DNA sequence: AGTAAAACTGAATAAATATTCATTTAATTT
DNA sequence: AAATTAAATGAATATTTATTCAGTTTTACT
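Laid out in structure tokens, this is it:
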């Protein structure tokens, strides 16, 4: 054998996400993870120095992946409104289809595994979003408000809705996304 | 001594909330709690059978307290709009001034300490909110949408905003509350 | 003050969990 | 196909954490 197996890291990550979704970050052990990933406990320590590093590595990975999907097809060909709607749509869909990722990230933020320094880096990944909102404010497409407030408004609505849908076992249909987007847009649009 | 000391339970709860706010639910031990509460570890077991019961008792207490404050002064003397704004205001203020309570509740929901049965009871505490929204929809004050969606929209905005404010060390001023409420209202109001 | 009951203490023990490592298995090289 | 190296195993060990309990202090009552 030549090198560490990427697919094993993948299996470990996937197992951890599954367990965190089911039991929460507070309720999982290295034994649980290895069992869920169908590997020996010792093998975890070949891929990660310890539990902290495993969780942190997964945290980093999840953040990278999320941000990547958020901005898919949000490009200059689209109007401001088009880009905003696309972004909104992407974020909802990603969070719905990858609920375990969202759940893990949310739980990690205020856990002993993740510290504030990491959080600062988050800003960069979401810079295009901040820029888009800034543009909207400057061109009077959206109300003249603190950019951060709009971001909180955006993620607040989406996070809560996705969480609710997940825990009540309901799918979020395209019609519902349209409806919520309308509410979101009415909330932020400029009206003199 | 005649009976167990209520103020000691209070101290234990307060200590736990402080620690969960700082380190997260995953990062606290019974030893940490007793130390923070300035009592011996053994004393914890006089008041609570074990860690699970401690956390669950605190969870129940926090939920009761929150719901109580949310509906303060939301009464029939007020117009529909007045009641809605008051409620919005109450929820924000409570969550700001008792951030550790909100943080603890949020983390508990998906922890091994709290199970789904408890969650069902939550519905009842928030019934007045559901009723208010239903009334709004029926009287065409707010858009004709799934009530649950409006609730998610409401809590989503507030939760995210309070979290952001707390972690960036900024106070939410009355002006900001007014601004966010305006956005919220524009999002849900009926417009043909 | 004297006494019994309740509350409190924190070191000792039990239980859970993380981590290591001697051994086995599989892959790669010569 | 033997030798070499990397990866995987899981029982053993170390560490952390929950829980208990024998002894101490405080309280409430006479």
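Residue numbers (the working numbering), protein chains in the order written: chain A, 66 to 257; chain B, 66 to 257.
Ideal Cβ positions, reconstructed from N, Cα and C, are used throughout, including at glycine.
Please read all numbers here as calculations on a predicted model, not as lab measurements.
Those runs of the beta strand (DSSP E) which lie wholly inside the stretch 93-127 of chain A and span at least 3 residues: none
Whole-number beta carbon distance between residue 248 of chain A and residue 242 of chain B, since they are thought to touch under 8 Å: No, residue 242 of chain B and residue 248 of chain A are not in contact; Cβ-Cβ is about 19 Å, not under 8 Å.
Residue 175 of chain A - containing alpha helix (DSSP H), residue span: From DSSP, residue 175 of chain A is part of no alpha helix (DSSP H); its letter is neither H nor E.
Any chain A beta carbon closer than 8 Å to residue 166 of chain B: no
Identity of the residue in A:122, A:112, A:198 nearest residue 219 of chain A by Cα: A:198
Euclidean distance between Cα positions of residue 66 of chain A and residue 167 of chain A: Residue confidence is low: residue 66 of chain A scores 49 on pLDDT, short of 50, so the model does not pin down where it sits. Its coordinate-derived value is still stated next. So the two alpha carbons sit approximately 35 Å from each other.
Residue closest to residue 226 of chain A, alpha-carbon to alpha-carbon, out of B:112, B:221, B:226: B:221
Residue 88 of chain B - containing alpha helix (DSSP H), residue span: 71-88
Residues near residue 260 of chain B by beta carbon distance below 6 Å, same chain, minus five either side: Past the boundaries of the shown model lies residue 260 of chain B; chain B is included only from 66 to 257, so the question cannot be answered.
Nearest neighbour of residue 106 of chain A, chosen from A:95, A:116, A:112, A:115 [CA to CA]: A:95
Residues of the stretch 128-161 of chain A with Cβ closer than 9 Å to any Cβ of chain B, in chain order: none
Host alpha helix (DSSP H) of residue 247 of chain A (start-end): 239-253
Per-residue contacts from residue 244 of chain B into chain A (C-beta, under 9 Å): 208, 210, 211, 214
Span of the alpha helix (DSSP H), counted from its first residue to its last, around residue 230 of chain B: 212-232
Residue-level contact to chain A via CB, residue 218 of chain B, 8 Å cutoff: yes
Separation of residue 204 of chain A from residue 173 of chain B, as counted between CA atoms: 43 Å
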